[in-house]
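Report on the structure given below.
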Amino acid sequence: MGLEMRAVVLGEPEYPELLKVLSDAPDPLYVAGRLDNRPAVALVGSRQPTPYGVRMARHLSGELARAGLAIVSGLARGIDTQSHQAALDAGGITWAVLGSGLDRVYPAENEALARRIVEKGGCVMSEFPSGAPPLPDHFPRRNRIIAALSWVTVVVEGRLRSGSLITARLAAELGREVLAVPGPVDSALSEAPNLLLSQGAGAAVGASAVIGALPPGVELYARGLSDDFVEAPAARLPMEQLKILECLSTETLSLEQLGHRLGIDLPSLAYILFNMELQDLIVPVPGQRYAKKTFIRC
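When you read off a place in the sequence shown, starting at 1, and then add 1308, the result is the number in this note's numbering.
Encoded structure:
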């Protein structure tokens, strides 16, 4: 790419706070460009979108970028490319997460776009070192980083068997909001978003709907009602809650099991779990165990 790259190690100030919730957080994270702490929204979808999908991706990306949000996507053809380009055209910031080393941008036709992202104040990142090729199994791993970096993931278009649904599932498992762009019921590329909508996902009918799905403090920032999202109230789920949701992403656990895994004393943990029930993040299940509440069943 001809860009200056660096390795950001877990624990360094620049390392994204939201990535730390991943049990397999990338360490190091290879970065080219500026990775700041602004809140982010992911836009994902088909590599061969319809004109409708392109219009919606560009509209949402441009409006959200103008609101001060970073637009996260995977630099692939189609919806990813359109989302990155629209954010830049709007004068905003966008982050690209690769499934290869930063010196092997895939597709190669997007090398110029990767340089533009960095030149305009955004960043290109990967957990894979220089020289790593874009192997098929790299892309699901890339998708978990896209989901973890973002407060909201928006599925624009995609088939039922698509990486977009993988990203949506991963986002839901992390306790993040998942929205979908409603599409024609006779369009194969609207199968994924329409499935998510049928399962309870919010409808991404405009930028305002996406902003409304952000945590309260981040929403205030995006609506221009706060100059600093970090200091706004309830800007993020507490890290303890994010770690609990990660533990419950694939199984149900008891109070004692969660306490052992997380190293939290049981009285404090019981209080946290009680509040998470009130927030509709988890539910008690038979056997004195807890389960994460999610609508994603794909």
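For every residue, glycine included, the Cβ atom is placed at its ideal position computed from N, Cα and C.
K1428 carries a coil assignment under DSSP once its states are collapsed to helix, strand and coil. Of all C-beta pairs linking the stretch 1453 to 1469 to the stretch 1352 to 1359, three or more are shorter than 8 Å, placing the two stretches in contact. Shown here for F1447: same chain residues with a beta carbon closer than 7 Å to its own, the five before and five after excluded, namely G1407, G1471 in chain order. Distance from the Cα of G1399 is smallest, within the candidate group I1425, E1485, I1387, for I1425.
Contact between the stretch 1334 to 1354 and the stretch 1377 to 1384 is present: three or more C-beta pairs spanning the two stretches fall below 8 Å. Across the set L1487, L1497, Q1549, L1577, the C-alpha of L1487 shows the shortest separation from the C-alpha of S1506. Sixteen is the threshold: when 16 or more other Cβ atoms of the shown chains lie within 10 Å of the Cβ of H1392, as they do, the residue is buried. Under the three-state reduction of DSSP output, K1600 falls in the strand class. Contact between the stretch 1475 to 1484 and the stretch 1364 to 1380 is absent, with fewer than three C-beta pairs closer than 8 Å. Judged by DSSP secondary structure, P1592 falls within the beta strand (DSSP E) whose first and last residues are 1590 to 1593. Excluding five sequence positions before and after R1385, the CB atoms of its chain that fall closer than 7 Å to its own CB belong to R1355, P1415, given in chain order. Residue environment analysis places V1432 among the buried positions, since at least 16 neighbouring C-beta atoms fall within 10 angstroms of its C-beta.
Closest in alpha carbon position to L1457, among Q1587, L1337, P1594, is L1337. With 16 or more other Cβ atoms from the protein chains shown falling within 10 Å of its own Cβ, N1418 counts as buried. Within the model, the alpha-carbon separation for I1387 versus R1363 is close to 10 Å. Under DSSP, R1314 takes part in a beta bridge, and its partners are V1339. Closest by C-alpha distance to P1546, out of E1559, L1326, E1320, K1600, is L1326. Here S1331 has E1554 as same chain residues with Cβ atoms under 7 Å from its own Cβ, once five neighbours each way along the sequence are excluded. Setting aside the 5 residues that flank it on each side, A1578 is surrounded in the same chain by L1563, each with a C-beta closer than 7 Å to its C-beta; the list follows chain order.
In this chain, the alpha helix (DSSP H) harbouring S1369 covers 1359 to 1374.
Looking at the DSSP output, A1515 shares a beta bridge with no other residue.
Ranked by Cα distance from A1517, the options N1345, G1341, H1367, D1335 are led by H1367. Secondary structure at I1401: coil, using DSSP grouped into helix, strand and coil. Going by DSSP, A1488 is part of no alpha helix (DSSP H) but of the beta strand (DSSP E) stretching over 1485 to 1488.
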